[in-house]
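Structure record follows, encoded as structure tokens.
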């Protein structure tokens, strides 16, 4: 008994001594034991065990070399051949976003993947990614689909190649197509981040069309100048389009448009020149560029107004008038029944819709504001009818959508039109016709959502702003 009491007293004394040590001695000096891990962080004998399988094409830390990255990309693209990817681009992207010159692309065509440079393989991968049809059901983060996995791998390889210091026109084109993929499928804020990196990559190459027109070699490579112009056109179009969905902040490239306008018109905007072939890629890109320029002006007027209210209203009306003129020209250049495939027309109509929506919110405090509000309401009804009549034949089955020719730029227009019709139904104005139109607009988004997943994002946003009463009424129409 005495022996046990003695042990207790000894233990108590030790605890008191330790408390004194802990009070007087810094804690880190007491941590003398070496840390041991059951599994090493890095092992040269083999890959670290993982709870989930490593996807094909995954690069280990020992494989961060251009040749290894290229091999991983090729494994993703196969069994497609280089000429197959080019054919896919010509069929599914070139008709509405001709950022890559087909003759120049074919001139770089290697016989096999093994002989292709890493820049070419990455560009082909971006084409392959953008032309891939998404799955019918959305995946989750725990089990991503092959579609999502392909996208994530492409982003990873772009980052690795960028980190290795590789940059070229093909790399910038690949970045632009991946950004377009993110826009089309509603991958935000990824698209917002990517466009900034793409602009910087283009800046790093100093791709400014027409700057060296005095050099003796400039006249010998007109195709290269046109390709550089197309690259910048594509970047600016996406930047302005992304800005519309990203709040009041100005587009990243807004301050860069002045040097571009100083470029030779035959390369950047040949639409004003006489005897122009409207089927050329630079002409189609120029029309997209013109529409996006006016869209950016609408964004500037709405979100960065001056202190003069009357001047702001006059500026809005001037921009809308210019947009209406361009709309008339684009309709005249588009075959009947194919207006839905005109990306420039879609962007142009988006600018008109946003400007008219803002005009409807102007408080009629004086004669000028009352006139602005009245005109906006009148033209909005006409404009909504134009959008509705463009898509109705496809929803009713009168016409079939050719998804290879359909640009994703029309989706935001249809979403905004549906949102405005929904707001009107809240006030129970024009209910029967409004419900019919809203159903058609929503059905179009569902149809196009099988190709561009951004439509599903828009439908979710519409559902958040649609009351159960309206949803039930839509089903009964």
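In my numbering, the protein residues as written are 15 to 491.
Think of the CB as a built atom: it goes at the ideal place given N, C-alpha and C, for glycine as much as any other residue.
All of these numbers come straight from a predicted model, not from anything done at the bench.
**OP:** For the alpha helix (DSSP H) holding residue 401, just list the boundary residues, first then last.
**Re:** As a first step, residue 401 must be located in the chain shown, where it is residue number 387. That run of the alpha helix (DSSP H) goes 381-409.
Original post:
Among 113, 181, 197 and 305, which has the Cα closest to the Cα of residue 471?
Top reply: Against the chain shown, residue 471 aligns to sequence position 457. Answer by Cα proximity: 197.
**OP:** With distances taken Cα to Cα, identify the nearest neighbour of residue 401 among 380, 439, 383 and 351.
**Re:** On the chain shown, residue 401 is found 387 positions in, with the first residue counted as 1. The candidate whose alpha carbon is nearest that of residue 401 is 351.
Subject >> Secondary structure of residue 378, DSSP reduced to three states >> reply: Taking the first residue of the chain shown as 1, we reach residue 378 at position 364. Residue 378: coil per DSSP, three-state reduction.
Subject >> Inter-residue Cα distance where the pair is residue 268 and residue 483 >> reply: For the purposes of this step, residue 268 is taken as residue 254 along the chain shown, with counting starting at 1. For the purposes of this step, residue 483 is taken as residue 469 along the chain shown, with counting starting at 1. Using only the alpha carbons, I get a separation of about 43 Å.
**OP:** Give the DSSP-derived three-state secondary structure of residue 92 in the structure shown.
**Re:** One-based indexing of the chain shown puts residue 92 at position 78. Residue state, collapsed to three classes: coil.
Subject >> Start-end ranges of the alpha helix (DSSP H) lying completely within the stretch 134-199, minimum 4 residues >> reply: 160-177 and 183-198
Subject >> residue 237 in three-state terms, based on DSSP >> reply: Stepping through the chain shown from its first residue, residue 237 is reached at position 223. If DSSP states are grouped into helix, strand and coil, residue 237 belongs with the helices.
**OP:** Might you give, ordered along the chain, the residues of its own chain that have their beta carbon closer than 8 Å to the beta carbon of residue 259, omitting 5 neighbours on each side?
**Re:** Translated into positions along the chain shown, residue 259 becomes position 245. 202 and 426, listed in sequence order.
Original post:
Mind checking residue 486: buried by the 16 CB within 10 Å criterion, or exposed?
Top reply: Position 472 of the chain shown holds residue 486. Residue 486 should be labelled exposed.
Original post:
With burial defined as no fewer than 16 other Cβ atoms inside 10 Å of the residue's Cβ, what is the status of residue 84: buried or exposed?
Top reply: For the purposes of this step, residue 84 is identified with residue 70 of the chain shown, where counting begins at 1. Residue 84 is buried by the Cβ-count criterion.
Subject >> Buried versus exposed call for residue 327 [16 or more other C-beta atoms within 10 Å across all chains shown] >> reply: Taking the chain shown and counting its residues from 1, the one referred to as residue 327 is at position 313. Under this definition residue 327 is a buried residue.
Original post:
Is it true that the CB of residue 404 sits closer than 8 Å to the CB of residue 354?
Top reply: Sequence index remark: in the chain shown, residue 354 carries index 340 (1-based). Sequence index remark: in the chain shown, residue 404 carries index 390 (1-based). Yes, the Cβ-Cβ distance between residue 354 and residue 404 is below 8 Å.
Original post:
Would residue 189 be called buried (16 or more neighbouring beta carbons within 10 Å of its own) or exposed?
Top reply: If you number the chain shown from 1, residue 189 lands on position 175. Result: buried.
Original post:
Given 8 Å as the limit, is there contact between the stretch 374-384 and the stretch 313-320, that is, 3 or more CB pairs closer than that?
Top reply: no
Original post:
Would you report the Cα separation of residue 454 and residue 106, rounded to the nearest angstrom?
Top reply: Position 440 of the chain shown, counted from the first residue, corresponds to residue 454. Position 92 of the chain shown, counted from the first residue, corresponds to residue 106. Using only the alpha carbons, I get a separation of about 26 Å.
Subject >> Inter-residue spacing [alpha-carbon to alpha-carbon] between residue 366 and residue 309 >> reply: In the chain shown, residue 366 corresponds to position 352, counting from 1. In the chain shown, residue 309 corresponds to position 295, counting from 1. Computed Cα separation, rounded: 8 Å.
**OP:** Note the first and the last residue of the continuous alpha helix (DSSP H) segment covering residue 440.
**Re:** Position 426 of the chain shown holds residue 440. Taken as a continuous stretch (DSSP letters only), the alpha helix (DSSP H) holding residue 440 covers 423-440.
**OP:** Give the secondary structure of residue 348 by DSSP, where H, G and I count as helix, E and B as strand, and everything else as coil.
**Re:** Within the chain shown, the letter at position 334 stands for residue 348. Residue 348 falls in the coil class under three-state DSSP.
Original post:
Is residue 435 near residue 398, with beta carbons less than 8 Å apart?
Top reply: Position 421 of the chain shown, counted from the start, is the residue given in the question as residue 435. Position 384 of the chain shown, counted from the start, is the residue given in the question as residue 398. In contact: residue 435 and residue 398 (Cβ atoms closer than 8 Å).
Original post:
Quick one: what's got a C-beta closer than 6 Å to residue 417's C-beta in the same chain, skipping five residues either side?
Top reply: For the purposes of this step, residue 417 is taken as residue 403 along the chain shown, with counting starting at 1. The residues are 465.
Original post:
Which residues in the same chain as residue 370 place their Cβ atom closer than 8 Å to its Cβ, once the five residues preceding and following it in sequence are excluded?
Top reply: Start at 1 with the first residue of the chain shown, and residue 370 comes out as number 356. So the list reads 334, 390, 393, 394 and 397, once near-sequence residues are dropped.
**OP:** May I have the straight-line CA-CA distance separating residue 88 from residue 242, to the nearest angstrom?
**Re:** Here the question's residue 88 lines up with position 74 in the chain shown. Here the question's residue 242 lines up with position 228 in the chain shown. If you take the alpha carbons of residue 88 and residue 242, they lie about 26 Å apart.
Original post:
What is the DSSP secondary structure of residue 201, counted as helix, strand or coil?
Top reply: Taking the first residue of the chain shown as 1, we reach residue 201 at position 187. Note: residue 201 maps to coil in three-state DSSP.
Original post:
Would you call the stretch 163-175 and the stretch 94-106 in contact, with 3 or more CB pairs under 8 Å?
Top reply: no
Original post:
Which of helix, strand or coil does DSSP assign to residue 295?
Top reply: Counting from 1 along the chain shown, the entry for residue 295 is found at position 281. In the structure shown, residue 295 sits in a helix (DSSP, three-state: H, G or I).
Original post:
Are the Cβ atoms of residue 469 and residue 476 separated by less than 8 Å?
Top reply: Walking along the chain shown from the start, residue 469 turns up at place 455. Walking along the chain shown from the start, residue 476 turns up at place 462. Not in contact: residue 469 and residue 476 (Cβ atoms no closer than 8 Å).
Original post:
In three-state DSSP terms, what is residue 247?
Top reply: Residue 247 sits at position 233 when you count from the first residue of the chain shown. Of the three classes helix, strand and coil, the one that applies to residue 247 here is helix, per DSSP.
Original post:
Measuring CB to CB, does residue 110 end up less than 8 Å from residue 419?
Top reply: Residue 110 sits at position 96 when you count from the first residue of the chain shown. Residue 419 sits at position 405 when you count from the first residue of the chain shown. Yes. Within cutoff.
Original post:
Whose C-beta lies closer than 7 Å to the C-beta of residue 209 among residues of the same chain, with five residues either side of it excluded?
Top reply: Working through the chain shown from its first residue, we reach residue 209 at position 195. So the qualifying residues of the chain are 193, 252, 253, 256 and 266.
Subject >> CB contact flag (residue 305, residue 361, <8 Å) >> reply: Translated into the one-based positions of the chain shown, residue 305 becomes position 291. Translated into the one-based positions of the chain shown, residue 361 becomes position 347. In this structure, residue 361 lies closer than 8 Å to residue 305 by Cβ.
Subject >> Reduced DSSP category for residue 267 - H, G, I as helix; E, B as strand; rest coil >> reply: Walking along the chain shown from the start, residue 267 turns up at place 253. Coil at residue 267, not helix or strand.
Original post:
Between residue 272 and residue 346, what straight-line distance do the alpha-carbon atoms span, to the nearest angstrom?
Top reply: Position 258 of the chain shown, counting from 1, holds the residue named residue 272. Position 332 of the chain shown, counting from 1, holds the residue named residue 346. With a pLDDT of only 48 at residue 272, under the threshold of 50, the placement of this residue in the model should not be trusted, and no figure is reported.
Original post:
Among residues of its own chain, excluding the 5 on either side of residue 200, which ones have a beta-carbon nearer than 6 Å to its beta-carbon?
Top reply: Start at 1 with the first residue of the chain shown, and residue 200 comes out as number 186. The answer, listed in chain order, is 467, 468 and 471.
Original post:
Does the beta-carbon distance from residue 132 to residue 80 come in below 8 Å?
Top reply: Your numbering for residue 132 matches position 118 in the chain shown. Your numbering for residue 80 matches position 66 in the chain shown. The answer is yes: Cβ separation under 8 Å.
Original post:
Where does residue 126 land, buried or exposed, given buried means 16+ other C-beta within 10 angstroms?
Top reply: Your numbering for residue 126 matches position 112 in the chain shown. It is exposed - the Cβ of residue 126 has fewer than 16 other Cβ atoms within 10 Å.
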